[in-house]
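The working numbering puts the first residue of the sequence shown at 875, with every later residue one more than the last.
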Amino acid sequence: MFFIDYWYIVLVVPAIILGMIAQAMVSSAFNKYSRVRTRYGYTADQVARQILDSNGLQHVQIQHIRGDLTDNFNPQTNIVSLSDSVYGNNSIAAIGVAAHEVGHAIQHAKGYAPIKVRQAIIPVTNFGSAISPFLILVGLLLGSSTLAWLGIILFSTVAIFQLVTLPVEFNASHRALQTLDGFGYLTSEEMSGARKVLAAAAMTYVAALITSIAQLLRLVFIISGSDRD
């Protein structure tokens, strides 16, 4: 028991704290720049619509959904969903987030390789995250290293998914900032705020990857220690 707690404290707890810090940074940046209105007065949904249309994506719809920072793009329905704090809002933060989600729609339309890989491995990741804890637990209880290591392999798909997610999210933010700057939706000073919001959001994905790796390493050390015993 001490062995399990030791690796949890050493590996997982710091990763969880990092994730909390990253989430706090997102909330802080978004709250700060959601109170700053843009000079030109475009709302986030207007900017999203214009960017989509300029990329030939008139078929992609924009809808308003409940919640804060629940924004997303669904490639199955071709819908960009903008949350309460983004849809109809003309703040720097809202426009940055909306442009980021539109960036995902453009990625799908252009066949951006990392996002295709991420979509392809979602079923494997979902299966791996669901079944791996059971296999690891049963393997440890029965003293079957084969089952336990199979669980580890399946759990590693979560870390792989998080790793593939990084270029997808960073690229969407890069596309968003390029478009906002190139089409003049934001002034140079406002662009600085949008960058800070999207950079903070990107750190949550970095933290998620680190947490997945920490959890994976913890399980590896536990299974390795069990094999030696």
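From the three backbone atoms N, C-alpha and C, an ideal C-beta is built for every residue, glycine too. Predicted, not measured: the structure shown is a model, and the values here were computed from it.
Candidates F1008, E1064 and A889: which alpha carbon is nearest R909's?
As a working mapping, residue 909 is identified with position 35 in the sequence shown. For the residues F1008, E1064 and A889, the minimum Cα distance to R909 belongs to E1064.
Are A1088 and L931 close, meaning C-beta to C-beta below 7 angstroms?
In the sequence shown, counting from the first residue as 1, residue 1088 sits at position 214. In the sequence shown, counting from the first residue as 1, residue 931 sits at position 57. It is not a contact, given that the beta carbons lie outside the stated cut-off.
C-alpha distance - V1080 paired with P1007, whole-angstrom precision:
Here residue 1080 corresponds to residue number 206 of the sequence shown, with the count starting at 1. Here residue 1007 corresponds to residue number 133 of the sequence shown, with the count starting at 1. So the alpha carbons of these two residues sit roughly 23 angstroms apart.
If we count the other Cβ atoms within 10 Å of its Cβ and call it buried at 16 or more, is H974 buried or exposed?
In the sequence shown, counting from the first residue as 1, residue 974 sits at position 100. It counts as buried.
Whole alpha helix (DSSP H) elements within the segment 896-958, 4-residue minimum:
918-928
Distance between S965 and I1097 (C-alpha atoms, nearest Å)
In the sequence shown, the residue the question calls residue 1097 occupies position 223. In the sequence shown, the residue the question calls residue 965 occupies position 91. When rounded, the distance between both Cα atoms is 50 angstroms.
Within 6 angstroms: the Cβ of P949 and any heavy atom of the ligand HEM?
As presented, the structure is devoid of all ligands, the ligand HEM included, so that no description of it is given.
Can you give the Cα-Cα distance for F904 and A1076, rounded to whole angstroms?
Numbered from 1 along the sequence shown, position 30 holds the residue referred to as residue 904. Numbered from 1 along the sequence shown, position 202 holds the residue referred to as residue 1076. Going from the Cα of F904 to the Cα of A1076 covers about 13 angstroms.
Measuring only the C-alpha atoms, how far is S1086 from D927?
Here residue 1086 refers to the residue found at position 212 of the sequence shown. Here residue 927 refers to the residue found at position 53 of the sequence shown. Taking the straight line from one Cα to the other gives about 37 angstroms.
Cβ pair I980, N929 closer than 7 angstroms:
Counted from its first residue, the sequence shown places residue 980 at position 106. Counted from its first residue, the sequence shown places residue 929 at position 55. Going by C-beta atoms, I980 is nearer than 7 angstroms to N929.
Residue nearest to T951 in terms of C-alpha spacing, selected from N963, Q935, G941 and D945
What you label residue 951 is simply residue 77 of the sequence shown in a count that begins at 1. T951 has its Cα closest to that of Q935, out of N963, Q935, G941 and D945.
For T999, the first and last residue of its enclosing alpha helix (DSSP H)
If you number the sequence shown from 1, residue 999 lands on position 125. Element bounds for T999: A987 to L1016.
Pick from Y916, M899 and K984 that is closest to N1045, judged by C-alpha positions:
For the purposes of this step, residue 1045 is taken as the residue at position 171 of the sequence shown. Checked all of Y916, M899 and K984; the closest Cα to N1045 is K984.
Quick one: which unbroken alpha helix (DSSP H) runs of 4-plus residues sit fully inside the segment 1028-1103? Chain order, please.
1062-1102
On the DSSP letters alone, give me the boundaries of the alpha helix (DSSP H) that I966 sits inside.
Along the sequence shown, read from residue 1 onward, the residue named residue 966 stands at position 92. Counting along the chain, the alpha helix (DSSP H) containing I966 begins and ends at I966 to K984.
Judging by CA-CA distance, which residue of K906, T1039 and I1010 is the nearest neighbour of I1026?
Taking the first residue of the sequence shown as 1, we reach residue 1026 at position 152. For the residues K906, T1039 and I1010, the minimum Cα distance to I1026 belongs to I1010.
Using a Cβ-Cβ cutoff of less than 7 angstroms, which residues in the same chain neighbour V900 once the five nearest sequence positions on both sides are dropped?
The residue labelled residue 900 in the question sits at position 26 within the sequence shown. A1074, A1075 and T1078.
For T1031 and L1016, what's the separation of their Cα atoms in angstroms?
Position 157 of the sequence shown holds residue 1031. Position 142 of the sequence shown holds residue 1016. So the two alpha carbons sit approximately 24 angstroms from each other.
Close Cβ partners of H982 (< 7 angstroms) along its chain, the five nearest in sequence each way excluded:
Residue 982 sits at position 108 when you count from the first residue of the sequence shown. Taken in chain order, the residues that qualify are P949 and I989.
Going by C-alpha to C-alpha distance, which of A987, I1034, L1014 and T1020 sits closest to T999?
Translated into the one-based positions of the sequence shown, residue 999 becomes position 125. The option with the nearest alpha carbon to T999 is I1034.
Kindly indicate if chain D contains any beta-carbon less than 7 angstroms away from that of S1006.
The structure shown has no chain D; it contains just one protein chain.
Between A918 and A968, which are expected to be in contact by the criterion C-beta below 8 angstroms, what is the C-beta distance as a whole number of angstroms?
Translated into the one-based positions of the sequence shown, residue 918 becomes position 44. Translated into the one-based positions of the sequence shown, residue 968 becomes position 94. Sure, about 4 angstroms apart at Cβ, within 8 angstroms.
On the premise that D942 lies in contact with S955, defined as a C-beta separation below 8 angstroms, what is that separation, rounded to the nearest angstrom?
Taking the first residue of the sequence shown as 1, we reach residue 955 at position 81. Taking the first residue of the sequence shown as 1, we reach residue 942 at position 68. That belief does not hold up - the Cβ atoms of S955 and D942 are roughly 13 angstroms apart, past 8 angstroms.
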